[in-house]
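Using full-length UniProt numbering, the first residue of the sequence shown is number 1, and each one after it goes up by one. Shown next, in structure tokens, is the structure this report addresses.
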Amino acid sequence: MKHQLKQRLGDLLVGQQIITEDQLMQALQAQRKGGRKLGRTLIDMGFISESQLLSFLSKQLELPFVDISERRLDPNVIKLLPEIQARRFRALVIDGDDRQVTVAMSDPADLSAYDSLVSLLSPRKVELALIVESQLFEGIDNLYRQTDRIASIAGELQQEQAQEQAFDLASITAQDADNEATVVRLLNSIFEDAIRIRASDIHIEPGDKELRIRQRVDGELQETVLTEYGVANALVLRIKLMANLDISEKRIPQDGRFHFEVANHQLDVRVSTMPVQFGESVVMRLLDQSAGLLQLEQTGMPESIIRRVRHQIGRPHGMILVTGPTGSGKTTTLYAVLNELNKANTKIITVEDPVEYRLKRVNQVQVNTKIGLGFSDVLRTTLRQDPDIIMVGEMRDQETAEIGLRGAITGHLVLSTLHTNDAITSTLRLIDMGAAPYLVASALRAIIAQRLVRRICDRCAEPYVPNAGDLAWLKHIQPDVDHLQQGYRKGRGCQHCNHTGYRGRIGVFEMLELDEHMVEALRTGNPEAFAKAVKESGQFRPLVVSALEYAANGVTSIADAMRLAEDVSEIAAPLSQQLIDSDLPRS
Numbered sequence: 001m002k003h004q005l006k007q008r009l010g011d012l013l014v015g016q017q018i019i020t021e022d023q024l025m026q027a028l029q030a031q032r033k034g035g036r037k038l039g040r041t042l043i044d045m046g047f048i049s050e051s052q053l054l055s056f057l058s059k060q061l062e063l064p065f066v067d068i069s070e071r072r073l074d075p076n077v078i079k080l081l082p083e084i085q086a087r088r089f090r091a092l093v094i095d096g097d098d099r100q101v102t103v104a105m106s107d108p109a110d111l112s113a114y115d116s117l118v119s120l121l122s123p124r125k126v127e128l129a130l131i132v133e134s135q136l137f138e139g140i141d142n143l144y145r146q147t148d149r150i151a152s153i154a155g156e157l158q159q160e161q162a163q164e165q166a167f168d169l170a171s172i173t174a175q176d177a178d179n180e181a182t183v184v185r186l187l188n189s190i191f192e193d194a195i196r197i198r199a200s201d202i203h204i205e206p207g208d209k210e211l212r213i214r215q216r217v218d219g220e221l222q223e224t225v226l227t228e229y230g231v232a233n234a235l236v237l238r239i240k241l242m243a244n245l246d247i248s249e250k251r252i253p254q255d256g257r258f259h260f261e262v263a264n265h266q267l268d269v270r271v272s273t274m275p276v277q278f279g280e281s282v283v284m285r286l287l288d289q290s291a292g293l294l295q296l297e298q299t300g301m302p303e304s305i306i307r308r309v310r311h312q313i314g315r316p317h318g319m320i321l322v323t324g325p326t327g328s329g330k331t332t333t334l335y336a337v338l339n340e341l342n343k344a345n346t347k348i349i350t351v352e353d354p355v356e357y358r359l360k361r362v363n364q365v366q367v368n369t370k371i372g373l374g375f376s377d378v379l380r381t382t383l384r385q386d387p388d389i390i391m392v393g394e395m396r397d398q399e400t401a402e403i404g405l406r407g408a409i410t411g412h413l414v415l416s417t418l419h420t421n422d423a424i425t426s427t428l429r430l431i432d433m434g435a436a437p438y439l440v441a442s443a444l445r446a447i448i449a450q451r452l453v454r455r456i457c458d459r460c461a462e463p464y465v466p467n468a469g470d471l472a473w474l475k476h477i478q479p480d481v482d483h484l485q486q487g488y489r490k491g492r493g494c495q496h497c498n499h500t501g502y503r504g505r506i507g508v509f510e511m512l513e514l515d516e517h518m519v520e521a522l523r524t525g526n527p528e529a530f531a532k533a534v535k536e537s538g539q540f541r542p543l544v545v546s547a548l549e550y551a552a553n554g555v556t557s558i559a560d561a562m563r564l565a566e567d568v569s570e571i572a573a574p575l576s577q578q579l580i581d582s583d584l585p586r587s
């Protein structure tokens, strides 16, 4: 072993005159009160910076300094040290074999931790390396997934079931006081793993000889396959009990919800079950109530559109629609708007299915079609409740659309969503649903269409030069732009983003405000005149252009902008595509 840890960290720092004896005494006193490591205490008190400390330790102890952010670490090597010990000793095994391991520590001068690591990893020889503490803990969070624990508990549960002739329902009811019940621990592990990787949905899918657990992260599914497929029934049963669903009914789909607390996160979980070939498939949408509601500025909405949105929601009446396919962030935008409008002097009533986030002061109504409480039924009563603002979760049918439109022309501000692919076709969709053209023209004020694109990971982002295929597509969309001079980037892949190159998502928006020419075209039901009026207004910027602005500024990738464009061009009506292809605003 090249280095010898013969002195404690404080003595070493004082000996090299990096800190004074008095500062060391102050830090030791603070350490005794706070219980933190001396190095972290010295940094927190401002006596030394983290870079100074690591540089000193690297030289003094002849240790290499490692950056694991871009390394692909072997999960089998990492797990030579259990997670609980990795956190306790602030250490991570980053390399090794049967004879020797390299352990990265944020405080290698911790002699007690070093001795414990040597014992835990015996008979392998332990070589140390230095790592920044923040990167160490981030690495532990990202690298120690719950998949092994999930598989282990699933195996334990399958063994328990094999020993019993019938599964004891009483042992797994929602009221069970035994929190260590195996199925409860399995569910806890699944949720903990989902929180750790920022999943928005959990899919539980039973197969013939396996159980698939898939989690949607930044719009993409990540899969874990369990061979303990026999636990599927117990797991689904537990979820159905928590969601107050009928556990005896497996032939028809059911919907429910429950509240769940895990890893200091308050989750509202929306549950959907569906009978499939080998059992019941369950999808759970995770709504993190502890995260709070977003402000408009946090959605990714450009300042120019925010100003226009605030102008429109400041008007006393009219209808504003937020449109896009499922999973495009419509509800998040609507709640950001409601959050801004929610004041003591304003009465707001929402009609939702389901109610996703609880808002103080807002009267939120949950639709229940089983008892005849549909959107249109609630909406009629809502208009008699003297509201200033009404939010309708979705325009689903002609009756709901017409009641909402009439509410908008009788002194109410009406907010709602519509499942269309862009702002332009939304106006025509309302008419296609059966709403009278004159009613749409009179009530509709503005339409916001949106999508979500993935953010490039800031930790591993690097400049990207478009290839020939990219350039051909870019020049087709924006022929007057020098695309080789734009700030395009891509993610190389690192520990922070799980080597995907992306971390998080951001909204892409287009907004259409109706002027008198558009209104007249709608009133007469003339789509060609409407398209011409939109072109001549000069205020409309298609989704594709907004996505390309993000790509040019290095926020998202050209690949994600292309994917959005394909979605719009393949699905949207020819009217919208005509505007994108022939009359794009130039950057």
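Here a beta-carbon is modelled for each residue, glycine too, at the ideal position from N, C-alpha and C. Predicted model, so just to flag it, every value in this text is computed and none were measured.
Under the rule that 16 or more other beta-carbon atoms within 10 Å means buried, what is Q135, buried or exposed? Stepping through the sequence shown from its first residue, residue 135 is reached at position 135. Buried is the call here.
Can you give me the C-alpha to C-alpha distance between S69 and V365, rounded to a whole angstrom? To locate residue 69, count along the sequence shown from 1; it is residue 69. To locate residue 365, count along the sequence shown from 1; it is residue 365. If I take the Cα positions, the gap works out to 47 Å.
Using C-beta distances below 7 Å, list every residue in its chain close to E462, excluding the 5 sequence neighbours before and after it, in chain order. Walking along the sequence shown from the start, residue 462 turns up at place 462. Only R489, K490 and R492 meet the Cβ criterion.
With respect to the beta strand (DSSP E) encompassing residue 589, which residues constitute its N-terminal and C-terminal limits? Because the chain here runs from 1 to 587, residue 589 falls outside it and cannot be looked at.
I need the straight-line Cα distance from T182 to R72, nearest angstrom please. In the sequence shown, residue 182 corresponds to position 182, counting from 1. In the sequence shown, residue 72 corresponds to position 72, counting from 1. R72 has its alpha-carbon roughly 33 Å from the corresponding atom of T182.
Is G230 helix, strand or coil when you go by DSSP? Residue 230 sits at position 230 when you count from the first residue of the sequence shown. Of the three classes helix, strand and coil, the one that applies to G230 here is helix, per DSSP.
Excluding the five sequence neighbours on either side, which residues of its own chain have a C-beta within less than 8 Å of the C-beta of R380, listed in chain order? Locating residue 380 in the sequence shown gives position 380, where the first residue counts as 1. So the list reads I403, once near-sequence residues are dropped.
According to DSSP, simplified to helix, strand and coil, what is I48? Taking the first residue of the sequence shown as 1, we reach residue 48 at position 48. Three-state DSSP puts I48 in coil, outside helix and strand.
Name the two residues that bound the continuous alpha helix (DSSP H) containing F89. Locating residue 89 in the sequence shown gives position 89, counting from the first residue. Start and end: E83 to F89.
Taking K250 as the reference, give the member of H317, L287 and E280 with the closest Cα. Position 250 of the sequence shown holds residue 250. Of H317, L287 and E280, the residue nearest in Cα terms is E280.
Around the C-beta of L28, are 16 or more other C-beta atoms found within 10 angstroms, so that it is buried, or is it exposed? If you number the sequence shown from 1, residue 28 lands on position 28. Exposed: under 16 other Cβ atoms inside 10 Å.
Given a threshold of 16 other Cβ atoms within 10 Å of its Cβ, counted over all protein chains shown, does I78 qualify as buried or as exposed? Position 78 of the sequence shown, counted from the start, is the residue given in the question as residue 78. By the neighbour-count rule (16 or more Cβ atoms within 10 Å), I78 is buried.
Beta-carbon separation (whole angstroms), V534 vs M511, contact threshold 8 Å: As a working note, residue 534 is residue 534 in the sequence shown. As a working note, residue 511 is residue 511 in the sequence shown. So it is not a contact: roughly 12 Å between Cβ atoms.
Distance, L405 Cα to L428 Cα: Within the sequence shown, numbered from 1, the residue matching residue 428 stands at position 428. Within the sequence shown, numbered from 1, the residue matching residue 405 stands at position 405. One C-alpha to the other measures close to 14 Å.
Where does K343 land, buried or exposed, given buried means 16+ other C-beta within 10 angstroms? Counting from one through the sequence shown, the residue named residue 343 turns up at place 343. So K343 counts as exposed.
By Cβ distance, which residues of its chain are closer than 8 Å to L439, with the 5 residues on each side in sequence left out? Here the question's residue 439 lines up with position 439 in the sequence shown. So the qualifying residues of the chain are E402, L405, R406 and I409.
What residue from L341, V378 and D560 has the CA that sits closest to R361's CA? The residue labelled residue 361 in the question sits at position 361 within the sequence shown. Cα-wise, what sits closest to R361 is L341.
Since V262 contacts M284 with CB under 8 Å, what's their CB separation in whole angstroms? Taking the sequence shown and counting its residues from 1, the one referred to as residue 262 is at position 262. Taking the sequence shown and counting its residues from 1, the one referred to as residue 284 is at position 284. No, V262 and M284 are not in contact; Cβ-Cβ is about 12 Å, not under 8 Å.
Residues near A243 in its chain [Cβ-Cβ closer than 7 Å; skip 5 each side]: Residue numbering aside, residue 243 sits at position 243 when the sequence shown is read from its first letter. Once the five neighbours on either side are set aside, the close Cβ partners of A243 are G256, R257, F258 and V271.
Compare the beta carbon distance of D107 and R40 with 9 Å and say whether it is the shorter of the two. Taking the first residue of the sequence shown as 1, we reach residue 107 at position 107. Taking the first residue of the sequence shown as 1, we reach residue 40 at position 40. Yes, Cβ-Cβ distance for D107 and R40 is below 9 Å.
What separation, rounded to the nearest whole angstrom, lies between the Cα atoms of G372 and R445? On the sequence shown, position 372 is the one that residue 372 refers to. On the sequence shown, position 445 is the one that residue 445 refers to. Using only the alpha carbons, I get a separation of about 31 Å.
By the three-class DSSP mapping on this structure, what secondary structure does V378 have? Mapped onto the sequence shown, residue 378 falls at position 378. The DSSP-derived three-state label of V378 is helix.
Inter-residue spacing [alpha-carbon to alpha-carbon] between A472 and I313: Indexing the sequence shown from 1 puts residue 472 at position 472. Indexing the sequence shown from 1 puts residue 313 at position 313. Straight-line Cα distance between these residues: approximately 40 Å.
Which of helix, strand or coil does DSSP assign to V14? Locating residue 14 in the sequence shown gives position 14, counting from the first residue. Note: V14 maps to helix in three-state DSSP.
For Q100 and E83, the rounded distance between their alpha carbons: Numbered from 1 along the sequence shown, position 83 holds the residue referred to as residue 83. Numbered from 1 along the sequence shown, position 100 holds the residue referred to as residue 100. Whole-angstrom Cα-Cα distance: 19 Å.
To which residues of the same chain is R396 closer than 7 Å at the C-beta, ignoring the five residues directly before and after it? Looking up residue 396 in the sequence shown gives position 396. Taken in chain order, the residues that qualify are F375.
I need the DSSP call for N142, collapsed to helix, strand or coil. Locating residue 142 in the sequence shown gives position 142, counting from the first residue. In this structure, N142 counts as helix in the three-state DSSP scheme.
If you draw a straight line from the alpha carbon of M562 to that of Q222, how long is it in whole angstroms? Your numbering for residue 562 matches position 562 in the sequence shown. Your numbering for residue 222 matches position 222 in the sequence shown. So the two alpha carbons sit approximately 22 Å from each other.
Top-ranked residue by Cα proximity to I197, from Q31, Y464, V231 and R216: Position 197 of the sequence shown, counting from 1, holds the residue named residue 197. Ranking the options by Cα distance to I197, first place goes to R216.
Please confirm if the segment 41-55 is in contact with the segment 11-22, defined as three or more CB-CB distances below 8 Å between the two stretches. A contact exists between the segment 41-55 and the segment 11-22.
Residue range of the beta strand (DSSP E) that includes M391: In the sequence shown, the residue the question calls residue 391 occupies position 391. I389 to V392 is the extent of the beta strand (DSSP E) around M391.
Using 9 Å as the threshold, is the C-beta distance between T556 and R459 below it? In the sequence shown, the residue the question calls residue 556 occupies position 556. In the sequence shown, the residue the question calls residue 459 occupies position 459. Taking 9 Å as the Cβ cut-off, T556 and R459 do not qualify as a contacting pair.
Does D567 come out as helix, strand or coil in the three-state DSSP assignment? Mapped onto the sequence shown, residue 567 falls at position 567. It is helical.
Assuming H96 contacts L452 under a Cβ cut-off of 8 Å, what Cβ separation, rounded to an integer in Å, is found between them? Along the sequence shown, read from residue 1 onward, the residue named residue 96 stands at position 96. Along the sequence shown, read from residue 1 onward, the residue named residue 452 stands at position 452. Here residue 96 turns out to be Gly, not His, going by the sequence shown. With 8 Å as the limit, G96 and L452 do not qualify as a contact, their Cβ atoms being about 40 Å apart.
Please specify which runs of the alpha helix (DSSP H), each continuous and at least 4 residues long, are wholly inside the segment 384-440, giving them in chain order. 398-408 and 423-432
Cut-off 8 Å between Cβ atoms - residues of its own chain near V378, not counting five sequence neighbours on either side: Start at 1 with the first residue of the sequence shown, and residue 378 comes out as number 378. Only V351, V365 and V367 meet the Cβ criterion.
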